[in-house]
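These notes are about the structure you will find just below.
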């Protein structure tokens, strides 16, 4: 699944760790164990996972600039990013900021 995510979107190989994390995150929530009829998430947490917040890997997203940069009156208030996956420690998204060339956890993101 990881190789498919990278090849489908023509991403460079240095995103392979993000693709592996995203594929494991998705498979733990949607793959069903045939003999138990439950997902690994259900076995661990005891409830069905919410997958309503899933988004396509490498889709375009926008994050709000929170005042770190000095912006002029007509400058853009958002930065364009690439969606790379989900945070394992909180309900945040992992996005690659094209402007700063950095991968960050983002809580508020527009798709």
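In our numbering, the protein residues as written are 11 to 121. From the three backbone atoms N, C-alpha and C, an ideal C-beta is built for every residue, glycine too. These numbers come from a predicted model, not from an experiment.
Check, Outcome
"Measure the C-alpha to C-alpha separation of residue 88 and residue 46 and round it to an integer number of angstroms.", "45 Å"
"With burial defined as no fewer than 16 other Cβ atoms inside 10 Å of the residue's Cβ, what is the status of residue 61: buried or exposed?", "exposed"
"Could you tell me the distance, in whole angstroms, from the CA atom of residue 51 to the CA atom of residue 19?", "27 Å"
"Exposed or buried, which one is residue 40 when buried takes at least 16 other CB atoms within 10 Å?", "exposed"
"Among residues of its own chain, excluding the 5 on either side of residue 26, which ones have a beta-carbon nearer than 7 Å to its beta-carbon?", "12 and 16"
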